[in-house]
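Residue numbers (the UniProt record's numbering): 1 to 220.
Just below is one structure, and these are the notes that go with it.
Right, dumping it as structure tokens:
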């Protein structure tokens, strides 16, 4: 009966997996490793990728995670998809795709008020980030947003922050952000599960972010 109940309620069932219970002797070791990794990134001693990769190696070295479990946890298709997305991002930047986006924005935003222009940049960043990673989206959209704001006679700060928010808010696909991709396998999600919850969340972010940006960074 559980599958029919989940379908009726519109829930997203997680993938079935065994429960792994740790031992009491390993309680404090992962906590210390996590604190060291977070502290090193917060204080600028190491980049995030290096700090947390070192933390993962430390977990294995201190026996918190067995080596056999590490190999079982590696999801090959996910790694291949992440690697395949890198040249896609480079192609969009080098093929003139950013120029096409800038021309489209200038064509549709001529008579928009300030809040509409900021919302347009935010929505455009949200639309681009599924096809690029968030960092590449910022690189592509930031100069577009700055020139777009200048052309309308506005200060660029709110538009640049809209790009930053939109680039980090891809909830509609599993490929727009690494976290979305990495939880797809363990959670047992399908591609269609992401827009079911991601679309309402994206709308909420737009409704909250646009007025907040105009208050914190006035365009005039």
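C-beta: ideal position from N, C-alpha, C; glycine also.
Coarse secondary structure for residue 217, derived from DSSP in three states: coil
Indicate whether the contact test is met: 3 or more Cβ pairs, each with one atom in the region 196-203 and one in the region 137-148, closer than 8 Å. no
Considering only their Cβ atoms, is the gap separating residue 51 from residue 37 smaller than 8 Å? yes
Whose CA, out of 33, 69, 127, lies closest to the CA of residue 54? 33
Looking only at its own chain, which residues have a Cβ that is under 8 Å from the Cβ of residue 115, when we skip the five neighbours before and after it? 210, 211, 214
Apply the 10 Å Cβ neighbour rule to residue 43 and answer buried if 16 or more other Cβ atoms are within range, or exposed otherwise. exposed
Run the CB neighbour count on residue 191, radius 10 Å, all protein chains shown included, and call it buried at 16 or more, exposed below. exposed
Excluding the five sequence neighbours on either side, which residues of its own chain have a C-beta within less than 7 Å of the C-beta of residue 129, listed in chain order? 137, 166, 167, 170, 176
Does residue 121 pass the burial test, meaning 16 or more other C-beta atoms within 10 Å, or should it be called exposed? buried
Does residue 153 come out as helix, strand or coil in the three-state DSSP assignment? coil
Considering only the alpha carbon of each residue, which of 80, 77, 57 lies closest to residue 69? 57
Taking residue 105 as the reference, give the member of 95, 91, 145, 77 with the closest Cα. 145
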